[in-house]
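For reference, the structure discussed in these notes is given below.
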Amino acid sequence: MVIRPSRAADAPAMSRIYVQTWRDTYLSMVPYGYLYEMSADRHEQTFTSEINGRQVSSFVAEDAGRVVGFVTGGRERHGNDIYSGEIYTLYVLKHLQRRGIGKKLVAAQAAQLRQSNMYAMLVRVLKRNPYRRFYRAINGTYLKTEHQPFAGETVDVEVYGWLDTTLITC
C-alpha cells in the first residue's frame, strides 16, 4: 500500500470512489434521490480543480497501482480559532476498510497540515454514519454536534478534533 500526494490523473478514480462510498455508506441516511443523482463525471472536475489548486491538499492510497482511497483537507472552513486545519473528505473502498488505510491517509493529511503551520485539526461526519467511530479510534475527541442543511433536509453532524496532530501516526 502506497500513500502519496494525488495527481490530476487520480481525479477519475477519486470521483468513482467518492460516489461508490456515498452509495454504500449513506443509503439510509440521506435522501435516495441525492444518491441516485450522484455522478462520478460531475465530481471528477471538482477533484481535478482541487488537485491543481493550492487551497486543498489531497493524498491517495494506491494498491497494486490502483487508487483505493483518498483524503482531502486544508484550512478549517467555518472560522474555528482553535482547530485551524480540517479533513474535508476521507473515503476508502468498502472491501478494503479496517486495514489501516484510513489511518495512513489521515496521518499523511495531518503531516501536510503541519507543514502549513496547522497543528490542530477537525473533521465533520454525519452522526448516523456508523464509521464515525473511526475518528475516536485514532484519538479524535468528540467536540460537538452541528445541524447542517443538506439536500433539502437538516442533518446532524458530529465534529471530532485533535489539538496535536503529531499524535496521529501510523
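Numbering-wise (my numbering), the sequence shown opens with residue 1090 and increments by one.
A virtual CB, placed ideally from N, CA and C, is assigned to each residue, including glycine.
Inter-stretch contact at 8 Å, needing at least 3 Cβ pairs: the stretch 1239-1247 / the stretch 1181-1191: Judged by pairs of C-beta atoms under 8 Å, the stretch 1239-1247 does not touch the stretch 1181-1191, as fewer than three such pairs exist.
Give every residue of the same chain whose Cβ lies closer than 6 Å to the Cβ of Thr1161, excluding the five residues on either side of it in the sequence, and list them in chain order. Residue 1161 sits at position 72 when you count from the first residue of the sequence shown. Annotation for Thr1161: Val1145, Ser1147, Tyr1177 and Thr1178 place their beta carbon closer than 6 Å to its own, counting only its chain and skipping 5 residues before and after.
Going by C-alpha distance, which of Lys1233, Thr1258, Thr1135 and Val1157 is nearest Val1195? Here residue 1195 refers to the residue found at position 106 of the sequence shown. When only C-alpha atoms are compared, the closest one is Thr1258.
From the DSSP output, read off the bridge partner residues of Thr1178. Taking the sequence shown and counting its residues from 1, one reaches residue 1178 at position 89. Looking at the DSSP assignment, Thr1178 forms a beta bridge with Thr1161.
Which residue marks the beginning of the alpha helix (DSSP H) containing Lys1192, and which one marks its end? Within the sequence shown, numbered from 1, the residue matching residue 1192 stands at position 103. Its alpha helix (DSSP H) spans residues Ile1190 to Gln1204.
CB-CB under 8 Å to Leu1182, same chain, minus the five flanking residues each way: which ones, in chain order? By one-based count along the sequence shown, residue 1182 stands at place 93. So the list reads Ile1106, Gln1109, Thr1110, Val1157 and Gly1158, once near-sequence residues are dropped.
DSSP has His1167 in a bridge; who is on the other side? For the purposes of this step, residue 1167 is identified with residue 78 of the sequence shown, where counting begins at 1. The partner list for His1167 (beta bridge, DSSP) is empty, contrary to what the question assumes.
Check whether Ala1129 and Ser1104 have beta carbons under 9 Å apart: Stepping through the sequence shown from its first residue, residue 1129 is reached at position 40. Stepping through the sequence shown from its first residue, residue 1104 is reached at position 15. For the pair Ala1129 and Ser1104, the CB atoms are nearer than the 9 Å cut-off.
Could you give the C-beta distance for Gly1174 and Met1207, rounded to a whole number, given that I count them as a contact under 8 Å? Position 85 of the sequence shown holds residue 1174. Position 118 of the sequence shown holds residue 1207. Gly1174 to Met1207, Cβ: 4 Å. Contact.
With the cut-off set at 9 Å, would you say Leu1215 and Val1149 are in Cβ contact? By 1-based counting over the sequence shown, the position of residue 1215 is 126. By 1-based counting over the sequence shown, the position of residue 1149 is 60. No.
Over what stretch of residues does the beta strand (DSSP E) that includes Asp1152 continue unbroken? As a first step, residue 1152 is located in the sequence shown; it is residue number 63 there, counting from the start. First-last of the beta strand (DSSP E) with Asp1152: Val1145 to Asp1152.
Just to confirm, are Trp1251 and Tyr1125 a CB contact at a threshold of 9 Å? The residue given as residue 1251 occupies position 162 in the sequence shown. The residue given as residue 1125 occupies position 36 in the sequence shown. Taking 9 Å as the Cβ cut-off, Trp1251 and Tyr1125 do not qualify as a contacting pair.
Could you give the distance in angstroms between the alpha-carbon of Ala1153 and the alpha-carbon of Met1090? Residue mapping note: residue 1153 aligns to position 64 of the sequence shown, counting from 1. Residue mapping note: residue 1090 aligns to position 1 of the sequence shown, counting from 1. The C-alpha of Ala1153 lies about 7 Å from the C-alpha of Met1090.
Close beta carbons around Val1248, own chain, < 7 Å, minus the five adjacent residues each side: Locating residue 1248 in the sequence shown gives position 159, counting from the first residue. Cβ within range, chain order: Leu1211, Arg1213, Leu1232, Lys1233 and Glu1235.
Whole-angstrom C-beta distance between Thr1254 and Arg1217, which should lie under 8 Å: One-based indexing of the sequence shown puts residue 1217 at position 128. One-based indexing of the sequence shown puts residue 1254 at position 165. The Cβ separation is near 26 Å, so there is no contact.
For Arg1221, count neighbouring C-beta atoms within 10 Å of its own C-beta (all shown protein chains included) and say buried if the count is 16 or more, exposed if not. Sequence index remark: in the sequence shown, residue 1221 carries index 132 (1-based). Answer is buried; the Cβ neighbour count reaches 16.
Taking its Cβ as the centre, do 16 or more other Cβ atoms sit within 10 Å of Gln1237, making it buried, or is it exposed? Indexing the sequence shown from 1 puts residue 1237 at position 148. Answer is exposed; the Cβ neighbour count stays below 16.
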